[in-house]
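Q:
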Amino acid sequence: MVQNIINVKNLSKSFDISSKEPGFKGTIKHFFRRQTKSLKVIKDISFEIKEGEIVGFLGANGAGKTTILKMLCGLIYPSEGSILVSGYLPFRRKENFLKNITLIMGQKQQLIWDLPPIESFYLNASIYDLDKFEAKKRIKKLSEMLEIDEELFIPVRKLSLGQRMKSELLAALIHEPNILFLDEPTLGLDINAQRNLRKFLQRYNKETNATICLTSHYMKDITSLCKRVICVHEGRISYNGKLDLLLKKLSPVKEILIVCRTEEDAIKLENSGFSVKNKIKNEITIKIENHSITSSLKTILNNFDIEDLFINEPPIDEVIGKVLIKKNYDI
Amino acid sequence: MNIRKYLKVYKKFLHTSLASELEYKTNILVDLITAILSLVGSIFLLSIFFQNNGYIGGWKFEQAMIIQAIYTILNGITNTWFNPNLTEIVKHIREGTLDFVLLKPIDSQFFISLKKINPSGFLEIMLGFLLLFFCIRINQININLSFLTLSSITISCSICILYSLWFFISTTTIWFVKTWNAIEVLRSFLYIGRFPLNSFSFSLRIFFSVFIPIAFITTIPSEVFLGLSVLWKILLEVIVATVFLITSRKFWLFALKFYSSASS
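Chain order of the listed sequences is A and B.
Each residue of the first sequence is one higher than the one before, counting from 1 in my numbering.
Each residue of the second sequence is one higher than the one before, counting from 1001 in my numbering.
#1: Could you have a look at T299 of chain A and say whether DSSP puts it in helix, strand or coil?
#2: Is any beta-carbon of chain A found at less than 8 Å from that of E1023 of chain B?
#3: If I'm right that G1121 of chain B touches N1085 of chain B with Cβ under 8 Å, what's the distance once you round it to whole angstroms?
#4: Determine the chain B residues that contact Y77 of chain A at a beta-carbon separation under 7 Å, and present them in chain order.
#5: Using only alpha-carbon positions, find the residue among A:E255, A:G321, A:N303, A:I320 that is nearest to S292 of chain A.
#6: Give every residue of the same chain whose Cβ lies closer than 6 Å to the Cβ of V276 of chain A, excluding the five residues on either side of it in the sequence, and list them in chain order.
#7: Cutting at 7 Å between CB atoms, please list the residues of its own chain near T36 of chain A, excluding the five before and the five after it.
#8: For chain B, is any of its Cβ atoms less than 8 Å away from the one on F15 of chain A?
#9: Using CA coordinates, which residue listed in B:I1239, B:L1098, B:C1135 is at the minimum distance from L1226 of chain B?
#10: First and last residue of the beta strand (DSSP E) that includes I5 of chain A?
#11: With DSSP run on the structure shown, which of helix, strand or coil describes F200 of chain A?
#12: Look at the alpha carbon of D149 of chain A and the alpha carbon of M165 of chain A, and state the distance between them as a whole number of angstroms.
#13: For the region 122–138 of chain A, which residues have a beta carbon sitting closer than 9 Å to at least one beta carbon of chain B?
#14: Any beta carbon from chain B within less than 8 Å of D305 of chain A's own beta carbon?
#15: Where does I331 of chain A fall in DSSP's three states?
#16: Identify which residue in A:L301, A:D183, A:I311 has its Cα closest to the Cα of N61 of chain A.
#17: At which residues does the beta strand (DSSP E) containing S275 of chain A begin and terminate?
#18: For K65 of chain A, collect the residues of the same chain with a Cβ closer than 6 Å to its Cβ; drop the 5 residues on either side in sequence, then sort them by chain order.
#19: Cβ closer than 8 Å: which chain B residues qualify as neighbours of R228 of chain A?
#20: Rank A:F200, A:G273, A:L111, A:S224 by C-alpha distance to the C-alpha of I154 of chain A and give the top, closest one.
#21: Near K141 of chain A, what residues of its chain come up, given a Cβ to Cβ distance below 6 Å and the 5 sequence neighbours on each side ignored?
#22: Is the CB-CB distance between Y1071 of chain B and T1218 of chain B below 8 Å?
#23: Closer than 8 Å by beta-carbon distance: list the chain A residues that pair up with S1261 of chain B, in chain order.
#24: For V1230 of chain B, write down the residues that DSSP places opposite it in a beta bridge.
#25: DSSP on G1121 of chain B, reduced to helix/strand/coil?
#26: Specify whether the region 111–123 of chain A and the region 1004–1020 of chain B touch according to this definition: at least 3 beta carbon pairs, one from each stretch, less than 8 Å apart.
#27: Closer than 8 Å is the cut-off here; do at least three beta carbon pairs connect the region 95–107 of chain A with the region 171–188 of chain A?
#28: So that I know if they touch, is there some Cβ in chain A lying closer than 8 Å to that of K1250 of chain B?
#29: Could you confirm whether any beta carbon from chain B is found closer than 8 Å to the beta carbon of S6 of chain A?
#30: Once you ignore the five residues that flank Q163 of chain A on each side, which residues in its own chain have a CB closer than 6 Å to its CB?
#31: Identify whether L187 of chain A lies in helix, strand or coil by the three-state DSSP scheme.
#32: Considering Cα atoms alone, identify which of A:I5, A:N10, A:I54, A:V253 is closest to V319 of chain A.
#33: Taking N312 of chain A as part of the beta strand (DSSP E), name the residues at either end of that continuous run.
#34: Answer with yes or no whether the minimum CB distance from T1097 of chain B to chain A is below 8 Å.
#35: According to DSSP, G56 of chain A sits in a beta bridge with which residue or residues?
#36: Can you check whether the CB of L225 of chain A is closer than 8 Å to the CB of P1105 of chain B?
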């Protein structure tokens, strides 16, 4: 049986936030008498993650995804509740715990700006106490997986965003961690670079059985990498479960575009009792519930003269968008 | 603590920061020229103060030059290590890149205090030592083992006090985010360290001994060089340096509990 590698129980986090009224008067008031209030950004959440799982954290901006990730890796002290990652209390930041994890942030970088990435890799290797031979071996292996070669010897400031992100990944994985925390790793990357990164993460997970916790606003990252998602809404978990179940629940119908031979056939179909979305000449779009899709299509094909038909899935962004604004999804 | 690992990491720090600095040759050249001009300017300024009766606070010009030499060495150390690293703490905290440091299996204070190096500061250290040897000659100081031990102890303590003060201020960034001004004030106070403590009024002497111990940083090591120092002062400097070093360390560990990281 696969063991839980992350256990979170009744976790909460509050921050002291200062607020400022607009205008000059507000600025002066803010300077002399700063008003702060405690804001609970994570509210009593609990979940577990199994070894080797890839879990996506979904939520609108400010929902608390990054705060959860930062508590899991030990950067932020929790206000209440308990976290156990790989058997360690993360905020104690014990050496063996830190050797097991890594954090990759799409908008922050750890590579030395004026030097080629290879220098940062060897620096990290010395921090993780790897000898030169072992470091060389791992750099070779990871650079092959990431498909980077010459870029290793070009100053970071001259690399493209995609090349830089690949190098960031290599720097963050040189110690072969078994838990990866990724905070929007594909941010700002072009479509090809995003795809390559996803491909790499899939391969890394498969080859090393590493656990991956990921936040991303690109739905493609979530759908192609994560079987399970945790949706966060205003600091609370609104859904924790399989992604396909969530999608089925959120989009119970499929849209089918049917091209009839003649306009008369289209009119006949329009009046046959199906839920019609629209009709333009001989093309008609109907909505069919997922569970009755096979029987409905059989009826249509047997009774009407059909030239062509297309089954359209609703856009994933639109479906997931519904999650981000709802408080609870019981599935 | 694994000393071998830390030495290996420090070797890498030296290598990467030197390589980074050497990417900008002109900048290094300008820094070197600035260091020379700054020393010449300081000696010239000091000579003006001593023009009237040749004494300030009971110190002759030749003796006061020792303070200048020690100040130059400390300033060189400041420019080589403290300035490039400790000012970076503010940036780390504002931009949230301290996250990467905290998640490395290495002491975070070691990492942020020693990661960078400014090679042009080495020239200042060298110039300081040259001036110090010159002062030893003109003041006819007898070099023996006890002199070497005491001077090494007092200069090391001065470095520790200076580092701790700077590190302490930089640490407050975790709460106040911007503390650049406080560091600038500290640097301005350090300029005072170029003059003998006796040249200031009683109240200022108390201020620079108790509240901001600039006096310990240059005057006590200089007194050792001139054979004017008494044991209790040296012991006091050792105690102050130890207390400062321990307090800055504890303060850093305490402050980290309040680190909230920058938002993404």
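Every residue gets a Cβ at the ideal spot worked out from N, C-alpha and C, and that includes glycine.
A: Straight from the coordinates:
#1: Your numbering for residue 299 of chain A matches position 299 in the first sequence. Three-state result, T299 of chain A: helix.
#2: Reading the second sequence from its first residue, position 23 is the one you call residue 1023 of chain B. It does: the Cβ of E1023 of chain B has a partner Cβ on chain A nearer than 8 Å.
#3: Here the question's residue 1121 of chain B lines up with position 121 in the second sequence. Here the question's residue 1085 of chain B lines up with position 85 in the second sequence. The Cβ separation is near 12 Å, so there is no contact.
#4: Walking along the first sequence from the start, residue 77 of chain A turns up at place 77. Those are K1257, listed as they occur along chain B.
#5: Here residue 292 of chain A refers to the residue found at position 292 when the first sequence is read from its first residue. When only C-alpha atoms are compared, the closest one is A:E255.
#6: Counting from 1 along the first sequence, the entry for residue 276 of chain A is found at position 276. Excluding sequence neighbours, V276 of chain A sits near E270, I286.
#7: Taking the first residue of the first sequence as position 1, residue 36 of chain A is located at position 36. Closer than 7 Å at Cβ, skipping near neighbours: D16, I17, S18.
#8: Position 15 of the first sequence, counted from the first residue, corresponds to residue 15 of chain A. Chain B contact via Cβ: present.
#9: Numbered from 1 along the second sequence, position 226 holds the residue referred to as residue 1226 of chain B. Comparing Cα positions, the closest option is B:C1135.
#10: Looking up residue 5 of chain A in the first sequence gives position 5. Run containing I5 of chain A: 4–19, per the beta strand (DSSP E) assignment.
#11: Along the first sequence, read from residue 1 onward, the residue named residue 200 of chain A stands at position 200. Helix, per DSSP.
#12: Residue 149 of chain A sits at position 149 when you count from the first residue of the first sequence. Residue 165 of chain A sits at position 165 when you count from the first residue of the first sequence. Rounded to whole angstroms, D149 of chain A to M165 of chain A spans 14 Å at the Cα level.
#13: Result list: Y122, L123, N124, A125, S126, I127, Y128, D129.
#14: By one-based count along the first sequence, residue 305 of chain A stands at place 305. So no, D305 of chain A is outside the interface.
#15: One-based indexing of the first sequence puts residue 331 of chain A at position 331. Note on I331 of chain A: pLDDT 49, under 50, position unreliable in the model; the coordinate value appears next. Reduced to three states, the DSSP call for I331 of chain A is coil.
#16: For the purposes of this step, residue 61 of chain A is identified with residue 61 of the first sequence, where counting begins at 1. Of A:L301, A:D183, A:I311, the residue nearest in Cα terms is A:D183.
#17: For the purposes of this step, residue 275 of chain A is taken as residue 275 along the first sequence, with counting starting at 1. Taken as a continuous stretch (DSSP letters only), the beta strand (DSSP E) holding S275 of chain A covers 275–280.
#18: In the first sequence, counting from the first residue as 1, residue 65 of chain A sits at position 65. These residues qualify, in order along the chain: F57, G59, T215, V232.
#19: In the first sequence, the residue the question calls residue 228 of chain A occupies position 228. Residues of chain B passing the Cβ test: none, with the nearest at roughly 22 Å.
#20: Here residue 154 of chain A is taken as the residue at index 154 of the first sequence, counted from 1. For I154 of chain A, the nearest C-alpha among the options comes from A:L111.
#21: Here residue 141 of chain A corresponds to residue number 141 of the first sequence, with the count starting at 1. Correct list: empty, nothing qualifies.
#22: Indexing the second sequence from 1 puts residue 1071 of chain B at position 71. Indexing the second sequence from 1 puts residue 1218 of chain B at position 218. Result yes, Cβ atoms of Y1071 of chain B and T1218 of chain B sit closer than 8 Å.
#23: The count along the second sequence starts at 1 and reaches residue 1261 of chain B at position 261. Ordered by position in chain A, the residues that pass the 8 Å Cβ test against S1261 of chain B are K70, L75, I76.
#24: Stepping through the second sequence from its first residue, residue 1230 of chain B is reached at position 230. DSSP, once it has assigned bridges, lists no residue as partnering V1230 of chain B.
#25: The residue given as residue 1121 of chain B occupies position 121 in the second sequence. Correct three-state label for G1121 of chain B: helix.
#26: yes
#27: yes
#28: Indexing the second sequence from 1 puts residue 1250 of chain B at position 250. Not one chain A Cβ lies under 8 Å of K1250 of chain B.
#29: On the first sequence, position 6 is the one that residue 6 of chain A refers to. In the sequence as presented, Ser is not what sits at residue 6 of chain A; that position holds Ile. Cβ-Cβ to chain B under 8 Å: no for I6 of chain A.
#30: For this step, residue 163 of chain A is matched to residue 163 along the first sequence. Sequence-distant Cβ neighbours of Q163 of chain A in its own chain, meaning closer than 6 Å and more than five residues away, are E151.
#31: Start at 1 with the first residue of the first sequence, and residue 187 of chain A comes out as number 187. The three-state reading of DSSP puts L187 of chain A in coil, since its state is none of H, G, I, E or B.
#32: Stepping through the first sequence from its first residue, residue 319 of chain A is reached at position 319. Nearest of A:I5, A:N10, A:I54, A:V253 to V319 of chain A, Cα basis: A:V253.
#33: Stepping through the first sequence from its first residue, residue 312 of chain A is reached at position 312. According to the DSSP assignment, N312 of chain A belongs to the beta strand (DSSP E) that extends over 306–312.
#34: For the purposes of this step, residue 1097 of chain B is taken as the residue at position 97 of the second sequence. At least one chain A Cβ lies under 8 Å of T1097 of chain B.
#35: Numbered from its first residue, the first sequence carries residue 56 of chain A at position 56. DSSP, once it has assigned bridges, lists A:L214, A:V229 as partnering G56 of chain A.
#36: Translated into positions along the second sequence, residue 1105 of chain B becomes position 105. Translated into positions along the first sequence, residue 225 of chain A becomes position 225. Against a cut-off of 8 Å, the Cβ pair of L225 of chain A and P1105 of chain B comes out as no contact.
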